[in-house]
Structures are given as structure tokens and as C-alpha cells.
């Protein structure tokens with residue numbers, strides 16, 4: 003879990019960074035104080051920020067534990083001691099991991115006034131001006147504002163300033179940190195904000211310790227700061243007793259515990275951390291490279307976080323083995339395939355709209371640069387057992403990268419960790435734009451918007467609103483992948499007494515999605531196939547079969563229509579839902595603080611069964627689609643002309659979809 007704000011900082015020693023210093027300081031009473039023209043000592047090294055989900059939060063009132071389910075790695079071990087040329091042992095090191103951008107809006111001047119800023123909220127004075135903080139404050143009633151306050155990451159600029167010999171900054175930072183230690187005695191588990199922030203706060207304590215030693219120009223921690231080591235020992239005890247398991251929290255916790263072991267020369271802490279990393283890696287990233295967190299943004303974070311784990315282990319006397327990097331290489335391909343034709347990840351699970359980080363030397367480099375550099379993945383279509391289908395028309399070799407089409411489909415295990423109820427749902431990009439989107443990521447407050455965004459009604463799937471969600475396991479029944487079309491069929495039980503099957507046919511030249519939803523219910527039910535369109539488009543219903551979505555002045559539009567198949571189209575068979583609040587429908591969250599009105603097309607049926615045959619055709623702004631249905635024995639064939647390109651789609655008596663021409 004992260005809280006990254008974008009920033010650029012200078013590189014140090016090839017891997018560290020120095021936080022920039024500058025500007026006048028404000029004394030505790032509010033007046034100005036003189037500042038030296040430059041730092042008297044070089045600042046401590048700080049590792050570059052990981053690409054963590056921006057403004058990331060945690061689930062209010064809840065702390066997840068994800069037990070490892072796979073066999074642990076066997077190759078993460080304690081390395082042989084390193085010795086210098088003269089034979090002396092070389093001490094390990096743990097570089098300050100940084101502050102994830104939480105420090106960026108919190109300059110030293112604000113710290114001297116006990117003012118804290120997070121997210122889009124106005125700066126807030128959290129103390130009395132002397133470093134005495136009210137740790138129970140939560141003026142914006144936002145659980146993440148509160149958690150990041152307790153993380154102490156907001157002190158980052160002050161910590162770096164202290165490391166240069168700035169005694170004013172050092173006094174204020176250490177006063178605030180000691181105030182936290184005093185006001186939040188072990189164990190702080192009853193306070194979920196303090197609890198969830200432990201792994202982050204642990205690293206801040208280590209950074210403060212390094213800053214004190216550097217700023218004072220000494221080699222060991224002075225006795226008057228021994229409370230820092232006591233606090234680190236308490237944090238180690240907490241981390242040992244409260245491991246979150248095999249997901250990013252547990253990985254972060256293990257790295258932080260290893261950091262305490264390295265800092266305090268505690269081999270027992272390091273050994274426990276190594277064991278947990280070995281237990282976590284094989285579940286966190288499975289043998290195909292899939293994330294267990296059901297979120298593309300968190301997959302990218304985990305890729306980077308496990309890379310950080312390798313570095314940390316190597317720098318302080320451990321051998322990371324090969325399992326971690328082998329799994330990361332598999333995940334790099336997963337992440338490249340999860341990249342749409344716009345160079346962004348399909349917005350799956352608790353993911354904001356995130357650009358793919360172009361990690362050099364991996365398939366992500368090619369995907370993240372939209373083909374400008376690197377080598378593309380060897381896969382065009384791939385199915386992952388964890389519940390993902392990623393496919394595309396190509397990687398930009400025969401047409402521009404952004405003019406390819408790309409899609410993602412979800413299935414597999416029930417909702418977990420950062421996942422949403424998006425099974426059988428699809429995202430789709432084509433013609434250089436989003437065509438079908440998910441509802442997005444609404445944040446973690448326990449409210450109706452969070453419920454909608456993570457629930458079935460924000461996904462492009464058939465919903466059954468009269469039944470309670472069962473968070474089903476969804477099976478992939480069959481698949482056929484050919485050069486110009488792919489077919490996938492899924493089934494599950496979305497509610498009591500309800501069976502649901504969806505078949506997808508994805509075409510290349512013309513770009514076209516065909517979906518066949520079939521469902522039955524033991525009780526009268528509503529069946530609603532939802533198609534969520536981007537917020538920049540306006541959708542209009544033209545008939546009982548057809549709607550068109552387009553952005554005014556755009557070079558393309560999307561024609562969405564349904565063809566009667568084994569069921570007549572009733573009145574009200576096609577509806578547009580947008581900007582509704584009761585029930586919530588027709589919205590998109592590109593990030594947790596932005597909610598845009600967005601059209602949602604509904605193909606609706608009611609009764610004991612349904613058969614909904616949908617077509618999604620992205621075409622040029624002047625393009626059109628015509629079709630005609632016919633029977634060929636027991637096969638139903640739809641002959642289409644999509645923007646001047648002829649094609650035919652067949653449906654067998656068993657419901658399989660195939661490209662007939």
C-alpha cells in the first residue's frame with residue numbers, strides 16, 4: 003500500500019536520491035529564522051520512490067491478512083559474511099527507503115508550525131506549534147488522511163534537512179517523532195490508523211536515526227536518542243506479531259523488519275523477515291506472473307516492491323536467490339499484456355488510471371513507451387489461471403500502437419484483497435481511445451460510492467439486481483484463439499438459483515466485440531447487461547436495438563447494438579443510465595478524488611431466462627454498421643458490414659461463437 007505523489011529528485015550513487023532543500027525556515031513561534039546558504043553536510047541517501055498507487059488508502063476499520071497458499075521459496079538465505087581486502091567484516095547497510103511523496107506538500111516551514119497536508123485537503127495544524135501533536139485528529143473524516151499522519155512520512159523534508167546539520171529541523175522532527183512514541187504506547191493495535199501505518203513509520207524511524215547520526219557528525223547514536231532504538235525494537239515486536247501475509251502489506255512489513263535487523267544488528271529480526279519474504283513471494287506473484295491482489299495498479303507496485311526487497315536483502319547480508327526475480331520477470335510480461343493500446347493499464351480492481359512504467363529491458367518498456375523502445379511481449383493473447391484474459395490485435399507492427407485494439411476479461415476466484423466484482427467484465431480500447439471502461443476506483447471509505455465501484459454494477463457484465471451478490475468463482479469453459487478472432491466462454495452462479503454464461507468473440511479487421519449472455523433463474527429476475535462508456539462521450543439511443551456513443555468532434559464513435567436471438571426484444575430493452583444516485587449508476591472514477599458522469603448502456607430483460615446478444619463496434623465518425631441474420635442448419639449466422647468491411651459471425655446450437663467469414 004502506498005501514497006505516492008509524483009516528483010523528481012536527483013540520483014545519488016546510482017540508486018539513492020537526495021531530497022532538495024531550499025527556502026527559509028519558520029521558527030516554532032511563526033517568525034522567520036536565518037538559514038545557511040547551503041547544507042553543512044551532505045544529506046543521507048534516500049531511495050527513489052516506487053510507483054505506488056497514488057493517494058493509496060486502506061480499508062476503513064479493517065486490516066486484511068492474506069495467508070500464503072503456495073510452497074515457500076527455498077533460496078532466500080543468509081549470505082556469507084562480506085570482508086574487505088584487509089579481512090575485516092563489511093557491515094551491511096539499509097538505505098532510507100524514502101517517504102513515498104507524502105513529504106512533498108509538507109516543507110520544513112510547515113513542520114515547524116505543526117502543519118500537515120495530505121491529498122487534496124487543505125493544510126491542517128495538527129499540533130500546538132511546539133511539536134506536541136494531537137494524534138487523534140481527523141478533521142476531514144478520511145481514514146487515509148489519518149493513517150498517513152501516523153505514518154510520519156510527512157516529516158520527510160525535515161528529516162533530510164536534519165541530516166545536513168540543520169539543528170532546527172532536527173529538533174522539530176525528533177520532537178514530533180518522540181511525541182508519537184509517547185502518546186501511542188505499545189501496543190497501538192487498537193488504533194487501526196496507527197496499526198496500518200506501522201510498516202511505513204518503522205522506515206521513518208530508521209531514516210530519523212540515520213539523519214541524527216549524519217546531522218550530528220557522529221558514528222553511533224548518542225545516548226539521548228536511545229529512545230529511537232527502543233521504539234524500533236517495539237516496532238519490530240509489533241511486526242513479528244502482526245504479519246499481514248502474502249500481499250504488498252506483508253512484503254512492506256518484512257522489508258521494514260529486515261531494516262530494523264540491519265540497523266540494530268539483530269540477526270533474529272533479519273531471519274524472520276527472510277522467512278516471510280520466502281513465504282510471500284510465491285503467493286504474491288504466482289507461477290504465471292499474476293498478482294493475487296486482483297488490481298493492475300497494485301500489480302505494478304508489487305513488481306517494484308519485490309525489486310526493492312532484492313536490493314535490501316543484498317545490501318545487508320542476505321542472498322535473495324533467484325525465485326523473486328524469476329517471478330518478477332513473469333509479472334513483467336503480465337503487466338505488459340495488461341497494458342491497453344493507450345499505454346495505460348486496464349483499470350481493474352482498486353486501480354486508478356495508471357500509465358505503464360516502462361522498465362528498461364522488460365516487455366513493459368515497449369508497452370509503456372507505446373512501441374517507441376524495447377522489445378514487445380512474445381504473446382498477443384494470454385489466459386492466466388488467476389482469472390485474467392489479456393488480448394490485442396497486435397503490438398503496433400502493422401498499424402500504429404495506439405490504433406491497435408486491446409482488451410481485458412476477468413474470471414476466476416471470488417473477489418479478494420483489491421479486487422472488484424467484475425467477473426465476465428471486459429475493458430476495451432480501439433481507434434486510439436477508450437471504448438469500454440470499468441467504473442474505476444472510488445477509494446476506501448465505507449460508503450455507497452465504494453460499494454458501487456467495487457460491486458457488479460460498475461463492470462461490463464450481465465447483472466441480476468434482484469439477487470444478492472455471491473462473489474462467485476467464475477469458470478472459463480472453453481477458448482479458441484486464431485489469428486483474426488478469439489472466443490472465450492465463462493459461467494458462474496451470480497445469485498441463489500441463478501446460472502449465467504457469457505461468450506465473447508473478439509475480432510480483428512474489423513475491430514468488433516460480440517457478447518452472448520445466457521441466464522436462467524428459479525425465480526422471476528431482472529437481467530441487465532451493462533456497457534460502461536467513457537465520460538467524454540455522449541450516448542444516444544436510436545432504436546430498440548441500437549445506441550451510439552461519441553465525443554463531439556471526435557474522429558471515431560462506438561455503435562452498440564443487440565440482435566434478437568432466441569428471445570424477442572421487449573419494450574425498454576435498451577436504456578441509457580447516467581449520473582444516477584439512486585441507485586448509483588453512470589459514473590467513472592479515474593482516481594479516488596474525481597467522479598465523472600459517464601454513460602452506461604443497459605440491455606434489459608426480465609423473467610426466468612434471458613438471451614442477450616451484444617455487438618460493440620468502434621468505427622470512424624462517419625462509419626456505420628449493417629447486419630442481417632440467417633439460419634444455416636442449427637447455426638445462426640449474422641452477416642455484418644462494419645465500416646465497409648464485411649464479416650460474418652456464427653453461433654452454434656451449443657452457444658459457441660465463431661468467425662464465419
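Residue numbers (the numbering used here): 3 to 663.
Virtual Cβ for every residue (Gly too), placed ideally from N, Cα, C.
Inclusion of residue 246 and residue 67 in the CB contact set at 8 Å is warranted, their separation being smaller than that value.
Annotation for residue 237: the continuous alpha helix (DSSP H) segment containing it runs 228-243. Per the DSSP secondary-structure output, residue 552 pairs in a beta bridge with 540. Take residue 494, set aside five residues on each side of it, and the residues of its chain with a beta-carbon closer than 7 Å to its own are 425, 474, 475, 476, 477 and 502, in chain order. Residue range 250-266 is occupied by the alpha helix (DSSP H) that includes residue 254. The alpha carbon of residue 254 has as its nearest neighbour, out of 234, 571, 267 and 278, the alpha carbon of 278. Your pair residue 158 and residue 105 checks out as a contact, with CB atoms roughly 3 Å apart and the cut at 8 Å. Here DSSP, grouped into helix, strand and coil, assigns residue 590 to strand. Going by DSSP, residue 526 is part of the beta strand (DSSP E) stretching over 514-534. In terms of Cβ geometry, residue 561 and residue 639 do not form a close pair [threshold 8 Å]. Proximity to residue 250 across 325, 143, 130 and 300 peaks at 300, based on C-alpha coordinates.
With respect to the 8 Å criterion, residue 500 and residue 465 are not classified as neighbours on the basis of their beta carbons.
Looking at 262, 496 and 652, the one whose alpha-carbon comes closest to that of residue 99 is 262. Contact between residue 340 and residue 348 holds, since their C-beta atoms are separated by about 6 Å, short of 8 Å.
Between the alpha carbons of residue 155 and residue 365 lies a distance of about 33 Å. Its Cα nearest to that of residue 429, the residue 438 stands out among 422, 423, 438 and 421.
Of the candidates 472, 381, 485 and 218, 472 places its Cα closest to the Cα of residue 416. In the three-state reduction of the DSSP assignment, residue 408 falls in the strand class, which pools E and B. Judged by DSSP in its simplified three-state form, residue 128 adopts coil rather than helix or strand. The closest CA to that of residue 555, considering only 624, 645 and 611, is found on 624.
Residue 120 sits buried, since 16 or more C-beta atoms from the chains shown fall within 10 Å of its C-beta. Per DSSP, residue 630 lies in no alpha helix (DSSP H); the unbroken beta strand (DSSP E) holding it starts and ends at 627-634. Taking C-beta atoms under 8 Å as the contact rule, residue 257 and residue 314 qualify, at a distance of about 5 Å. By the CB criterion at 8 Å, residue 274 and residue 217 fall outside the cutoff. Taking 8 Å as the cut-off, the Cβ atoms of residue 220 and residue 176 do not count as close. Residue 589 places its beta carbon less than 8 Å from that of residue 600.
Shown here, residue 295 sits in coil according to DSSP, grouped into three states, outside any helix or strand.
The residue from 635, 637 and 514 with its alpha-carbon nearest to that of residue 643 is 514. Residues 520, 567, 568 and 569 of the same chain have their beta carbon placed closer than 6 Å to that of residue 613, with the five preceding and five following residues left out of the count. Going by C-alpha positions, residue 311 is about 15 Å away from residue 54. Straight across, the Cα-Cα distance linking residue 50 with residue 302 is about 16 Å. Inside the stretch 148-214, DSSP marks whole alpha helix (DSSP H) runs of 4 or more residues at positions 158-165, 169-185 and 194-198, from first to last along the chain. Its Cα nearest to that of residue 44, the residue 214 stands out among 214, 603, 205 and 485.
Taking the C-beta atoms as reference points, residue 616 is found no nearer than 8 Å to residue 645. Closest by C-alpha distance to residue 564, out of 649, 549 and 553, is 549. Note on geometry: alpha-carbon atoms of residue 571 and residue 354 lie some 36 Å from one another.
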